[in-house]
Amino acid sequence: MSDPLTPPKRKDPLVVTRAGHVPPALRSRAATAMAARAGLGRFVLQVCDDCARATYPQRDRCPFCWGELRWQDQPDGAVIEAETTIRSSIDLFFKDHLPWRVGSARLDAGPMATVHLHGDVGQGDRVRMELKLDRSGNPALFAMPEKETPHMADDPQLRVFTADPKYRRVLVTDGRTATGQAVAEALLKAGAKTVFLGNADPLMRYPGQDRIEATPGSNLSG
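All residue numbers for the sequence shown refer to full-length UniProt numbering, where the first residue is 1 and numbers rise by one.
See the structure below:
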């Protein structure tokens, strides 16, 4: 079971602020095509036109028969065959997030894949695979518990791949519109610590401003 997320401590001004590093960028056209489909929430793999075998990671040609590859939606089930914890890395992004758990998963679609692991899964577990985008836009396979677990969304490794607003500070660029105000209220309801609303004309009041000013956690900025 994942530990529930706790509010962050007040920042120590003597401690160096973590830099906003991102993972390595996209490296191939196939990876870009996979990222576009991941952004739509699809779980896809390349399947060969000739031998009909699915393959991973993404490639330009089938590794079995050199045939043409097509993207197809696939079943998202898998079994974790092995797991390991990375405790040292030369990559600046992963150095800030160690330890980091990865594993080998036998996908129901056929291939064996290296995947990121949720804290509630381990070797031998049946899992549900999700195709997510990391902070540099890369597609990545993430192994989730097959069934919902307590505080599942609070897993620190999962939060690297998501935009869950819980305990985060969020900027809504236009706080003068009804849409911007509705977004701000939804973010606060979802657990955001503070929502900053942009106000391009602070000298002029607008509909809903009194309600926004009275809402705990909202912050109007000019």
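We put the beta carbon where it would ideally sit given N, CA and C, even for glycine.
Taking the alpha helix (DSSP H) that Phe-94 belongs to, which residues open and close that run?
Here the question's residue 94 lines up with position 94 in the sequence shown. For Phe-94, the enclosing alpha helix (DSSP H) starts and ends at 92-95.
Unbroken alpha helix (DSSP H) run spanning Gly-198, endpoints
Stepping through the sequence shown from its first residue, residue 198 is reached at position 198. It is not in any alpha helix (DSSP H) - Gly-198 instead sits in the beta strand (DSSP E) that spans 194-198.
Measure from the alpha carbon of Ile-90 to the alpha carbon of each residue in His-21, Ala-35, Thr-179 and Val-15, then state which is nearest.
As a first step, residue 90 is located in the sequence shown; it is residue number 90 there, counting from the start. If we check each option's Cα against that of Ile-90, His-21 comes out closest.
How many whole angstroms separate the CB atoms of Pro-145 and Asp-120, which I take to be in contact at a CB cut-off of 8 Å?
Within the sequence shown, numbered from 1, the residue matching residue 145 stands at position 145. Within the sequence shown, numbered from 1, the residue matching residue 120 stands at position 120. So it is a contact: roughly 5 Å between Cβ atoms.
Limits of the beta strand (DSSP E) - the one that Gly-180 falls within:
Sequence index remark: in the sequence shown, residue 180 carries index 180 (1-based). It is not in any beta strand (DSSP E) - Gly-180 instead sits in the alpha helix (DSSP H) that spans 178-189.
Could you say which of Gly-137, His-118 and Leu-40 lies nearest to Pro-150 if we only look at CA atoms?
Counting from one through the sequence shown, the residue named residue 150 turns up at place 150. Residue His-118 holds the alpha-carbon nearest to the alpha-carbon of Pro-150 among Gly-137, His-118 and Leu-40.
Compute the beta-carbon to beta-carbon distance between Ser-218 and Ala-184, rounded to the nearest angstrom, for a pair I have assumed lies under 8 Å.
Translated into the one-based positions of the sequence shown, residue 218 becomes position 218. Translated into the one-based positions of the sequence shown, residue 184 becomes position 184. Right, their Cβ atoms sit about 6 Å apart.
Please say whether Ala-143 and Val-127 have beta carbons closer to each other than 8 Å?
The residue given as residue 127 occupies position 127 in the sequence shown. The residue given as residue 143 occupies position 143 in the sequence shown. The Cβ atoms of Val-127 and Ala-143 sit closer than 8 Å to each other.
Between the alpha carbons of Met-34 and Gln-58, how many angstroms are there, rounded?
The sequence position of residue 34 within the sequence shown is 34, counting from 1. The sequence position of residue 58 within the sequence shown is 58, counting from 1. About 8 Å.
Could you check which residue in Gly-110, Pro-23 and Thr-84 has the C-alpha nearest to that of Arg-53?
Taking the first residue of the sequence shown as position 1, residue 53 is located at position 53. Taking only the C-alpha atoms, the option nearest Arg-53 is Gly-110.
Opposite Glu-132 in the DSSP bridges: which residues?
Along the sequence shown, one-based indexing puts residue 132 at 132. Before going on, a small fix: residue 132 reads as Lys here, not Glu. Ala-140.
Check whether the Cβ atoms of Pro-60 and Ala-25 lie closer than 8 Å to each other.
Indexing the sequence shown from 1 puts residue 60 at position 60. Indexing the sequence shown from 1 puts residue 25 at position 25. The sequence given here has Asp at residue 60, not Pro. At least 8 Å separates the beta-carbon of Asp-60 from that of Ala-25.
Pick out whichever of Arg-27, Leu-141 and Gly-191 has its Cα sitting closest to the Cα of Gly-103.
Translated into the one-based positions of the sequence shown, residue 103 becomes position 103. It is Leu-141 whose Cα lies nearest to the Cα of Gly-103.
Can you tell me whether Glu-213 is helix, strand or coil according to DSSP?
Here the question's residue 213 lines up with position 213 in the sequence shown. In the structure shown, Glu-213 adopts helical secondary structure according to DSSP, grouped into three states.
Arg-37 - DSSP class collapsed to helix/strand/coil:
Along the sequence shown, read from residue 1 onward, the residue named residue 37 stands at position 37. DSSP places Arg-37 in helix when its eight states are reduced to three.
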